[in-house]
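**Q** Sequential numbering of the sequence shown, starting at 706, is according to my numbering. Glycine included, C-beta positions come from ideal geometry on N, C-alpha and C. For reference, the structure I am asking about is given below.
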Amino acid sequence: MDAEGHRVLRRPEHRHVRLHAVPSQQRGPPRDDKPPQWQLWPWLRRLVRLPRAARAVARGRKLRGPRHRGPIDPVVSSRQRVAVVTGGGGGIGAAIAEELGRDGWFVVTVDPLVTLDGSERLQEPEETTAGRIVAAGGSARASSVSVTDGEAVRGLFNELVEEQGGLDAVVNVAGITRQTGFAHGAEQDWLAVLAVHLGGYLNVLDAALPLMAAAGHGRILGVTSGSGWRAADAGAYSCAKRAVAAITWQIGRQAPPGVTVNAMSPIAATRMVAAAIERARQAGTARSGRGFSLFESMPGPEHLGPLGAHIVGEGFGWCTGRVLFAGGSEVAVIDEPRLLEVVRSEDVVSLAQVLDAVVPRAFVTAEASQASDGGGNPRFGQIFDQAGPAEAAPAQVRSCAVVTDRPLLAASVTAALEARSVTCHRVEVPHGFRNAAAALSSLVEAAGPIDAIVVAPSGPRPTDRATDGWRQVLAEHGGIVEHLHTDAGWSRAASDYAAGTDRLPIHLVTLIDAVTSGGRSRAQASAQLARAAVGSTDGRVIAFTASIEASEAAVGEPLGELVAHLLGNPEARALAGAELAVGAGWLGLRSHPRPIGSVTYGGPAVPGWLDVTLREIIGATVAPAHVEA
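What follows is the structure, given as structure tokens:
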């Protein structure tokens, strides 16, 4: 109506409110904080809605609730997704990288181009993974950064956020292969394998998680191995891969909102597997022809690409903190160690009497079957109120080296062993293979032969629990490569000593400070190494491991009694390689990692129903984002 009350007709305005594609040259440089609309003419600015500038996207904001791990921010989905694949120069890494390239990702393959053992650099190949992606119509580039260089990894990730607007996924496949085991392998080879497979994974997590936390989304996929959760005499490789799994299980539960951390345990006919089979053949540790036939039956690396790409895809945000076995035609969920048997250790008349009853009946049985046989009639009666014998029975061992820098723990172990007529010799904790061997040699030269070694090094103190959970997990894994190096030094020293003495078997008990997340990963790696001791040494060394999950004051006496039982009772040998634990008021036995459910689908294409079945196996409470109700 006009001022005089007459009706006025107006042409309706049609406003453009949808997102329109605009050539990249009109958006302005990616480092510009100014919104892209301001790069357009004023009359066109009103008609076009564009996403924020790249730097604004990179700074991020909270986009979803803390429990929501579904589709990413729609602002981010308007740009090309960015993935980094370490070890992307060949094998499984190349297969995943090329699959991501076909799915429209911008892929950066990270590979320093070295030999399989990492000792020599290779020439630039005529054909690269990044080149194949580009030739197929995708977007990619290559980087020669090594995962062992934490600063370089961080610089690469920050550069991608600046240039591409974000970092959406990192797949860490980088690895080398060198021959190590419980009783063999050069010290430098141990350090090199641990640095790449374990230290490299920690460098990737440390560089990627802050960026993804700021952006409110991201996917990280590590790579472990069956040699890290099945019994295998693969030395540093086994320790590193178990630690990778342990880190994934822990940090995945603490990941920032919108971010997932999972790990794949693949099996494929790769160059690394072929090299390992050839080494076994040359060493005479593989049956003639058997290794080759197994290699022939393995899927090719390209069969694992679709599953790897699926795990870091948008729809897999419901799953985090999981290890998934990948075999090309099937996938399985690998469960973390869980308590199978627990017995009270406080307010007990005779803990030695309790262990004499519980260890053979419950712990040994559960270790053999990897399941508790409880759940029926009570098995033990009034064992906590029964008095033990007036004198402890003499142990089978007569002389023991107690290697520790923890005075209270040393006193508890020594008291329990001396009560069983075992002579104890205190040794400080040296670091490295040579130093451990020298310390043991000096002790034997001064005090005579020994039958057992108890190693109980101190661990890092817990960090400030006020920090974000994932930051705490990362901080508490600082120095874990050096700690595993120390533990391996005593395994080697025990093996070398056992090879030259007639006082067999030598008992090795490793007690790991596991009050931190890093300590728990170290304890798992130590147990994984101990599982190979008997086979690697032809029975000359029997190795036990226990994780200490409370303060020395809380666990001192029970821990001493447990060590005395392991060294003094023949039936306790069945617990060699078991995952024992000592907490405040209890002793326990955990399971080894194991598959809890498998899905056979033929592969390599991932069926649409895979996540539904995996969710039930895992017991996830968050539905897959792509599944309709």
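#1: Taking the C-alpha atoms as reference points, what is the distance between LEU768 and PRO961?
#2: Using a Cβ-Cβ cutoff of less than 6 angstroms, which residues in the same chain neighbour ILE956 once the five nearest sequence positions on both sides are dropped?
#3: Applying the 10 Å Cβ sphere with the 16-neighbour rule, what's the burial state of VAL1054?
#4: So, with DSSP's three-state summary, where would you put PRO971?
#5: Let's see if you can read the secondary structure: which residues bound the alpha helix (DSSP H) around PRO1011?
#6: In this structure, does DSSP put LEU1319 in helix, strand or coil?
#7: Rounding to the nearest angstrom, what Cα-Cα distance links ALA845 and ALA1115 in this structure?
#8: For HIS1212, which beta-bridge partners are listed by DSSP?
#9: Would you mind reading off the limits of the alpha helix (DSSP H) that contains ASP1040?
#10: Would you check if the distance between the CB atom of ALA1228 and the CB atom of GLU1284 is smaller than 9 angstroms?
#11: For HIS1269, which residues of its own chain have a beta-carbon under 7 angstroms away from its beta-carbon, when the five flanking residues on both sides are left out?
#12: Does the beta-carbon distance from VAL1028 to ALA950 come in below 9 angstroms?
#13: Applying the 10 Å Cβ sphere with the 16-neighbour rule, what's the burial state of ASN877?
#14: Give the range of the alpha helix (DSSP H) segment to which ARG807 is assigned.
#15: Buried or exposed: where does ASP1207 fall if 16 or more other Cβ atoms within 10 Å of its Cβ makes it buried?
#16: Taking the alpha carbon of GLY1184 as the point to measure from, which residue in ALA1157, GLY1223, SER1146 has its own alpha carbon closest?
#17: Using the beta-carbon count (16 or more within 10 Å), is THR1221 buried or exposed?
#18: At a cut of 8 angstroms, does the region 1209 to 1217 reach the region 928 to 944 through at least three beta carbon pairs?
#19: Taking Cβ positions, are ALA879 and GLY940 nearer each other than 9 angstroms?
#20: Could you check if LEU827 is buried or exposed, using at least 16 other CB atoms within 10 Å of its CB as the buried criterion?
#21: Give the single residue among GLY1307, GLY1290, GLY796 whose Cα lies nearest to the Cα of LEU1056.
#22: State the Cα-Cα distance for the pair THR1168 and THR953, rounded to the nearest angstrom.
#23: Taking THR1250 as the reference, give the member of GLN785, ALA1279, ASN908 with the closest Cα.
#24: Along the chain, where does the alpha helix (DSSP H) that runs through THR834 open and close?
#25: Is VAL1304 closer than 9 angstroms to ILE1322 when the C-beta atoms are compared?
#26: Please report the residue range of the beta strand (DSSP E) in which ASN877 lies.
#27: What residue does the alpha helix (DSSP H) around CYS1129 start on, and which one ends it?
#28: Does SER1252 come out as helix, strand or coil in the three-state DSSP assignment?
#29: If contacts are defined as beta-carbon pairs under 8 angstroms, then LEU907 and HIS1136 qualify, I think. What distance do you get, rounded to the angstrom?
#30: Can you name the residues that DSSP bridges to VAL1304?
#31: Please tell me whether, using a cut-off of 8 angstroms, the distance from the CB of GLN1177 to the nearest non-hydrogen atom of the ligand NAD is below it.
#32: Less than 9 angstroms between the beta carbons of LEU916 and ILE1016, yes or no?
#33: Check the C-beta distance from TRP1195 over to ILE1247 and give it rounded, since I have them as a contact under 8 angstroms.
#34: So, under 8 angstroms CB-CB, LEU1272 and CYS1105 are touching, yes? Tell me the CB distance rounded to an integer number of Å.
#35: Expressed to the nearest angstrom, what Euclidean distance is found between the alpha-carbon atoms of TRP895 and GLN1091?
#36: Indicate the three-state DSSP secondary structure (helix, strand or coil) for ALA726 in the structure shown.
**A** In short, the structure shows the following:
#1: Annotation note: pLDDT 41 at LEU768 (below 50); position unreliable, coordinate value reported separately. C-alpha separation (whole angstroms): 12 angstroms.
#2: VAL966, TRP1175, VAL1178
#3: exposed
#4: strand
#5: 1010 to 1016
#6: helix
#7: 56 angstroms
#8: ALA1157, ILE1247
#9: ASP1040 -> not in any alpha helix (DSSP H); beta strand (DSSP E) instead, spanning 1035 to 1040.
#10: yes
#11: Reading off the sequence, residue 1269 comes out as Ala, not His. Cβ within range, chain order: ALA1100, ALA1121, LEU1122, ARG1125.
#12: yes
#13: buried
#14: 796 to 807
#15: exposed
#16: GLY1223
#17: buried
#18: no
#19: no
#20: exposed
#21: GLY1290
#22: 19 angstroms
#23: ALA1279
#24: 834 to 840
#25: yes
#26: 874 to 877
#27: From DSSP, CYS1129 is part of no alpha helix (DSSP H) but of the beta strand (DSSP E) over 1128 to 1132.
#28: strand
#29: The pair is not a contact, with the Cβ atoms about 20 angstroms apart (cut-off 8 angstroms).
#30: VAL1036
#31: With respect to the ligand NAD, the structure offers nothing, as it holds no ligand at all.
#32: no
#33: Contact flag wrong, Cβ pair sits at about 14 angstroms.
#34: 7 angstroms
#35: 48 angstroms
#36: Residue placement at ALA726 is poorly supported in this model, since its pLDDT is 37, which falls under 50; the coordinates still yield a value, given next. Coil.
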